[in-house]
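> I am attaching a structure below and will ask some questions about it afterwards.
There are 2 protein chains.
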Amino acid sequence: MERPVQNFAYTLLKQNGQARLGRIDTPRGAIRTPAFMPVGTVGTVKALYPEQVREAGADIILGNTYHLMLRPGAERIARLGGLHRFMRWEGPILTDSGGFQVMSLATIRKITEEGAQFQSHIDGSRHMLSPERSIEIQCLLGSDIQMQFDECIELPAERREVERAMELSLRWAERSKRAFDGQVATGGATKGQALFAIVQGGIDRELRQRSARALVAMDFPGYAVGGLAVGEGHDAMIATLEETLPSLPADRPRYLMGVGTPLDLIESVRRGIDMFDCVMPTRNGRHGTAFTWSGRVNLHNARHAEDLSPLDPVSTCPAARDYSRAYLHHLVKSGEYLGAMILSWVNTVFYQDLMAAMRGAIAEERFDDWAAETAARLAGPG
Amino acid sequence: MERPVQNFAYTLLKQNGQARLGRIDTPRGAIRTPAFMPVGTVGTVKALYPEQVREAGADIILGNTYHLMLRPGAERIARLGGLHRFMRWEGPILTDSGGFQVMSLATIRKITEEGAQFQSHIDGSRHMLSPERSIEIQCLLGSDIQMQFDECIELPAERREVERAMELSLRWAERSKRAFDGQVATGGATKGQALFAIVQGGIDRELRQRSARALVAMDFPGYAVGGLAVGEGHDAMIATLEETLPSLPADRPRYLMGVGTPLDLIESVRRGIDMFDCVMPTRNGRHGTAFTWSGRVNLHNARHAEDLSPLDPVSTCPAARDYSRAYLHHLVKSGEYLGAMILSWVNTVFYQDLMAAMRGAIAEERFDDWAAETAARLAGPG
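Structure representation (structure tokens):
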């Protein structure tokens with residue numbers, strides 16, 4: 051048996067234009083990039099069995115520090131053997147730092163140099179997240195790829211405000227790195243685990259580049275682009291990527307946080323992004339919308355009520371071929387579990403297949419052609 | 051390939067005391083009895099894939115006429131090829147007559163000799179169910195075992211009221227039979243499908259026996275005991291079975307409707323019941339309670355919060371062995387889909403395994419010993 055790689059390492063296998071085919075090795079297994087990470091917010095990719103997530107082709111999933119620290123608690127998960135064992139996911143797990151959810155979910159927040167004070171959205175209890183505590187929690191969870199603690203602000207925002215948050219995030223990046231190195235030194239983390247930095251700066255080219263340069267100087271094993279998909283729109287997001295990614299080193303993976311639609315993914319991979327996470331496939335599934343190779347399908351729509359055709363005959367997900375649209379329409383209208391289960395499954399498979407297709411197109415050096423064909427297909431009527 | 055039996059037939063294979071091992075042959079496959087039918091109310095056994103229901107060992111499931119007539123509608127399901135195809139269940143399906151749900155779910159009901167007028171609990175629309183319309187709907191659904199339309203009243207009730215409803219149900223049985231025979235004559239049903247009568251009469255011995263005798267004189271291929279598990283308690287229910295079942299012919303299957311707990315099932319099989327349906331395994335699963343071979347487990351209970359042991363190490367359901375109680379506690383507390391999915395699955399498997407164990411005990415002529423041992427196990431702390 052081949053001994054698994056014990057260190058974190060990114061290998062750029064092939065480049066086609068700016069699109070990158072690669073592999074991240076971790077002690078828990080390899081991640082084929084470009085990769086999409088299903089979101090397992092509170093320790094479960096919603097409405098899916100972990101076997102379905104794995105079989106869909108996901109090499110890595112994401113867990114949310116904010117949710118897990120509140121319930122069941124990071125120390126509790128550590129006592130139970132870590133997040134992997136807790137949720138029965140043997141592959142790599144990336145955890146965010148909690149910063150984004152503090153801004154979007156918690157109430158009565160106070161941001162200081164030290165960190166963020168907030169109240170739980172579950173029970174109103176008071177908590178503090180700082181770079182040091184965020185890293186401590188991520189280590190307690192046993193996260194393979196950890197994220198620096200950052201301040202993520204909503205757009206549009208004043209440039210001065212964007213700059214302040216970006217500068218604060220840079221100082222928090224340093225503290226996050228020091229905390230992570232301390233965890234490695236004391237056995238709370240291993241060298242096989244990695245801490246990624248997060249480039250901030252809104253949609254301002256100069257701020258983004260300043261953030262990227264400062265973080266690259268700190269030498270992280272991977273870099274995320276944060277603070278996008280928060281209201282700026284697809285074009286501004288892509289423009290920001292084009293302005294930011296050249297400042298990042300080619301030998302490190304690049305992760306675009308919280309993105310996005312199939313088209314967002316294609317255009318971001320084209321600019322050189324390697325990793326994504328987004329709740330879109332599962333959230334849309336729960337709300338009755340399916341992603342298919344002929345476009346999005348809203349199963350609430352009455353036109354499906356007597357449609358015996360399958361959801362997506364070319365999907366690799368059996369459920370997309372086996373159930374009629376009429377039945378899925380009925381399940382969605384009736385608010386039945388099975389509707390959310392099937393659509394979350396179909397969408398999770400679609401996203402993984404989309405990534406696999408992108409990897410194939412880069413390997414064959416025809417990414418642009420593939421992207422044009424695929425964008426046309428996905429603009430279909432569903 | 052063996053040609054499937056084209057007629058409905060019950061075979062009593064073995065009797066141990068009053069407990070009966072048997073088989074019901076239908077054109078869609080055999081039903082091993084005693085059988086438990088998972089309830090697929092609106093065309094889905096809640097929170098389970100149909101493959102899981104089949105693999106759990108269920109030979110037959112139940113569909114609800116009331117729910118399906120309101121949404122998506124019986125005529126629509128017929129246009130879509132029938133309920134089996136609609137919900138991807140190839141085995142036999144039993145449908146109730148809608149009478150019970152009209153009483154328990156609908157509003158502004160008016161019961162006349164003709165039938166029941168009611169308003170939908172979904173959108174308030176007005177509907178009528180009569181013996182003729184109930185049979186028509188069950189034929190449109192393509193039900194393999196159909197139930198006569200009856201009036202089911204809540205207990206306790208005045209004897210006079212119980213008698214009135216029982217007598218009305220007898221007249222409705224005749225009309226149901228005539229309607230079903232008419233459907234067979236005109237091709238709306240086949241001889242391989244069957245119509246069961248429902249014995250009513252509350253917990254009154256004389257009324258029950260009068261109902262049973264009158265229905266037996268009409269010669270149905272199967273008889274249900276209805277109107278129990280509606281507030282009378284376990285002992286009164288079992289006493290009523292003891293008083294009623296001797297009036298039913300030994301060569302026809304006997305179905306106890308809407309029952310029940312594991313102990314209810316065991317004690318009813320001991321008295322000679324062959325078929326059951328109940329929402330208990332799935333409803334309890336959605337609400338965080340598991341049935342295990344060492345008793346019921348309420349996963350909400352904080353004592354499970356750090357319990358790494360599996361839910362039920364002797365279950366044949368992989369989920370009962372693979373996930374820790376701590377994780378299930380977390381899922382249930384967090385209201386996650388996966389909690390309901392896992393517990394509904396575990397409970398559905400438990401109920402099927404309980405029936406299989408009863409069939410085995412009857413075959414080995416040790417039902418009473420088995421029942422005593424099992425009752426002791428199931429009284430455990432979970």
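In the order they appear, the protein sequences are chains E and V.
If you use the numbering used here, the first sequence closes out at 432, no skipped numbers anywhere.
If you use the numbering used here, the second sequence closes out at 432, no skipped numbers anywhere.
Don't be surprised by glycine CBs; every beta carbon is placed ideally from N, CA and C.
#1: Taking Cβ positions only, does E:D419 come closer than 7 angstroms to chain V?
#2: In three-state terms, what does DSSP make of E:A267?
#3: Looking at V:A352 and V:V396, is the spacing between their C-beta atoms short of 7 angstroms?
#4: Is E:L71 close to chain V, meaning its C-beta is less than 7 angstroms from at least one C-beta of that chain?
#5: Thinking just about the alpha-carbon of each residue, which of E:G238, E:A235, E:R176, E:S154 is nearest to the one in E:E204?
#6: Among E:R126, E:L349, E:S297, whose alpha-carbon lies nearest the alpha-carbon of E:P431?
#7: Can you list, in chain order, the residues of its chain whose CB lies under 6 angstroms from that of V:G251, leaving out five sequence neighbours each side?
#8: Along the chain, where does the beta strand (DSSP E) containing E:D75 start, and where does it finish?
#9: Quick check on the DSSP output: the alpha helix (DSSP H) that includes E:G410 runs from which residue to which?
#10: So with CB distances below 7 angstroms, who are the chain V contacts of E:E356?
#11: With distances taken Cα to Cα, identify the nearest neighbour of V:A355 among V:Y387, V:A369, V:R375, V:S170.
#12: I'd like to know whether the C-beta atoms of V:I253 and V:A286 end up nearer to each other than 7 angstroms.
#13: Looking at the unbroken beta strand (DSSP E) that takes in V:M325, where does it start and where does it end?
#14: Using 10 angstroms around the beta-carbon of V:Q402, count the other beta-carbons present and answer buried if the total reaches 16, otherwise exposed.
#15: Looking only at its own chain, which residues have a Cβ that is under 6 angstroms from the Cβ of E:Q243, when we skip the five neighbours before and after it?
#16: Roughly how far, in whole angstroms, is the beta-carbon of E:L358 from the beta-carbon of E:T342, given that I think they are within contact range, below 8 angstroms?
#17: Can you pull the chain V neighbours of E:R104, defined as C-beta to C-beta under 8 angstroms?
#18: Which residue from E:Y373, E:E164, E:R138 puts its Cα closest to that of V:P368?
#19: Where E:V309 and V:G335 are concerned, what is the direct C-alpha to C-alpha distance, given to the nearest angstrom?
#20: Ignore the nearest five residues each way along the sequence and tell me which others in V:G238's own chain have a CB closer than 7 angstroms to its CB.
#21: I'd like to check one pair, V:R321 with V:Q167: are the Cβ atoms closer than 7 angstroms?
#22: In chain E, which residues lie with their C-beta within 7 angstroms of the C-beta of V:D372?
#23: Please identify the residue among V:P181, V:K241, V:T398, V:R214 whose C-alpha is closest to the C-alpha of V:A247.
#24: In three-state DSSP terms, what is V:H177?
#25: How should E:D200 be labelled, buried or exposed, when 16 other C-beta atoms within 10 angstroms of its C-beta is the threshold for buried?
#26: Report the rounded CA-to-CA distance for E:Y273 versus E:Q198, giving the unit in angstroms.
#27: If you check the beta carbons only, do V:T94 and E:E186 fall under 7 angstroms apart?
#28: Answer yes or no: does any C-beta atom of chain E fall closer than 7 angstroms to that of V:Y116?
#29: I think E:A425 touches E:L71, with their Cβ atoms under 8 angstroms apart; what is that distance to the nearest whole Å?
#30: Which word fits V:Q151, buried or exposed, when buried means at least 16 other C-beta atoms lie within 10 angstroms of its C-beta?
#31: Quick check on the DSSP output: the beta strand (DSSP E) that includes E:G79 runs from which residue to which?
#32: Over what stretch of residues does the alpha helix (DSSP H) that includes V:V212 continue unbroken?
#33: Measuring only between beta-carbons, confirm whether E:E101 sits less than 7 angstroms from chain V.
#34: Use the C-beta contact count for V:D419: other C-beta atoms within 10 angstroms, 16 or more gives buried, fewer gives exposed.
#35: Would you mind listing the beta strand (DSSP E) stretches within the region 311-383 of chain V that are 3+ residues and don't spill past its ends, in chain order?
#36: Since V:R145 sits in a beta bridge, which residues does DSSP pair it with?
This is what the structure gives:
#1: Taking the first residue of the first sequence as 1, we reach residue 419 of chain E at position 369. So no, E:D419 is outside the interface.
#2: Looking up residue 267 of chain E in the first sequence gives position 217. Helix, per DSSP.
#3: Working through the second sequence from its first residue, we reach residue 396 of chain V at position 346. Working through the second sequence from its first residue, we reach residue 352 of chain V at position 302. V:A352 is positioned such that its CB atom lies no closer than 7 angstroms to that of V:V396.
#4: Within the first sequence, residue 71 of chain E is the residue found at index 21, counting from 1. Not an interface residue.
#5: Residue 204 of chain E sits at position 154 when you count from the first residue of the first sequence. Ranking the options by Cα distance to E:E204, first place goes to E:S154.
#6: On the first sequence, position 381 is the one that residue 431 of chain E refers to. The residue with the shortest Cα to Cα distance from E:P431 is E:L349.
#7: One-based indexing of the second sequence puts residue 251 of chain V at position 201. Closer than 6 angstroms at Cβ, skipping near neighbours: M216, L257, R258, S261.
#8: As a first step, residue 75 of chain E must be located in the first sequence, where it is residue number 25. Here the beta strand (DSSP E) through E:D75 covers 69-76.
#9: In the first sequence, counting from the first residue as 1, residue 410 of chain E sits at position 360. Note, E:G410: alpha helix (DSSP H), 387-413.
#10: Locating residue 356 of chain E in the first sequence gives position 306, where the first residue counts as 1. Those within 7 angstroms of E:E356 in chain V are R126, R129, L130.
#11: Residue mapping note: residue 355 of chain V aligns to position 305 of the second sequence, counting from 1. Answer by Cα proximity: V:R375.
#12: The residue you call residue 253 of chain V lines up with position 203 of the second sequence. The residue you call residue 286 of chain V lines up with position 236 of the second sequence. Result yes, Cβ atoms of V:I253 and V:A286 sit closer than 7 angstroms.
#13: For this step, residue 325 of chain V is matched to residue 275 along the second sequence. Looking at the DSSP string, the run of the beta strand (DSSP E) that includes V:M325 is 325-328.
#14: In the second sequence, the residue the question calls residue 402 of chain V occupies position 352. Per the 10 Å Cβ criterion, buried.
#15: Mapped onto the first sequence, residue 243 of chain E falls at position 193. Closer than 6 angstroms at the Cβ level, and outside the excluded window around E:Q243, lie D194.
#16: Position 308 of the first sequence, counting from 1, holds the residue named residue 358 of chain E. Position 292 of the first sequence, counting from 1, holds the residue named residue 342 of chain E. Not confirmed; about 16 angstroms, so no contact.
#17: Numbered from its first residue, the first sequence carries residue 104 of chain E at position 54. What E:R104 touches in chain V: nothing, since even the nearest Cβ is about 13 angstroms away.
#18: Taking the first residue of the second sequence as position 1, residue 368 of chain V is located at position 318. Cα-wise, what sits closest to V:P368 is E:R138.
#19: Position 259 of the first sequence, counting from 1, holds the residue named residue 309 of chain E. Position 285 of the second sequence, counting from 1, holds the residue named residue 335 of chain V. Distance between E:V309 and V:G335, taken at the CA atoms: about 34 angstroms.
#20: Against the second sequence, residue 238 of chain V aligns to sequence position 188. Taken in chain order, the residues that qualify are C189.
#21: Start at 1 with the first residue of the second sequence, and residue 167 of chain V comes out as number 117. Start at 1 with the first residue of the second sequence, and residue 321 of chain V comes out as number 271. No, the pair does not count as a contact, with Cβ atoms beyond the cut-off.
#22: The sequence position of residue 372 of chain V within the second sequence is 322, counting from 1. Neighbours of V:D372 on chain E, chain order: R138.
#23: Position 197 of the second sequence, counting from 1, holds the residue named residue 247 of chain V. Among V:P181, V:K241, V:T398, V:R214, the Cα nearest to that of V:A247 belongs to V:P181.
#24: Residue mapping note: residue 177 of chain V aligns to position 127 of the second sequence, counting from 1. Residue state, collapsed to three classes: strand.
#25: For the purposes of this step, residue 200 of chain E is identified with residue 150 of the first sequence, where counting begins at 1. That one is buried.
#26: As a position in the first sequence, residue 273 of chain E is number 223, starting the count at 1. As a position in the first sequence, residue 198 of chain E is number 148, starting the count at 1. E:Q198 has its alpha-carbon roughly 10 angstroms from the corresponding atom of E:Y273.
#27: As a first step, residue 94 of chain V must be located in the second sequence, where it is residue number 44. As a first step, residue 186 of chain E must be located in the first sequence, where it is residue number 136. No. Outside cutoff.
#28: Here residue 116 of chain V is taken as the residue at index 66 of the second sequence, counted from 1. Chain E contact via Cβ: absent.
#29: Sequence index remark: in the first sequence, residue 425 of chain E carries index 375 (1-based). Sequence index remark: in the first sequence, residue 71 of chain E carries index 21 (1-based). Going by Cβ atoms, the distance from E:A425 to E:L71 rounds to 20 angstroms, so no, they are not a contact pair.
#30: In the second sequence, the residue the question calls residue 151 of chain V occupies position 101. Buried: at least 16 other Cβ atoms inside 10 Å.
#31: As a position in the first sequence, residue 79 of chain E is number 29, starting the count at 1. Unbroken beta strand (DSSP E) run through E:G79: 79-83.
#32: To locate residue 212 of chain V, count along the second sequence from 1; it is residue 162. V:V212 -> alpha helix (DSSP H) spans 209-236.
#33: Position 51 of the first sequence, counting from 1, holds the residue named residue 101 of chain E. For E:E101, the answer is no, since every Cβ of chain V falls outside 7 angstroms of its Cβ.
#34: Your numbering for residue 419 of chain V matches position 369 in the second sequence. It counts as exposed.
#35: 325-328, 339-342, 345-348, all fully within the region 311-383 of chain V.
#36: For the purposes of this step, residue 145 of chain V is taken as the residue at position 95 of the second sequence. Correcting the residue identity first, residue 145 of chain V is Thr in this sequence and not Arg. Bridge partners of V:T145: V:G113, V:Q196.
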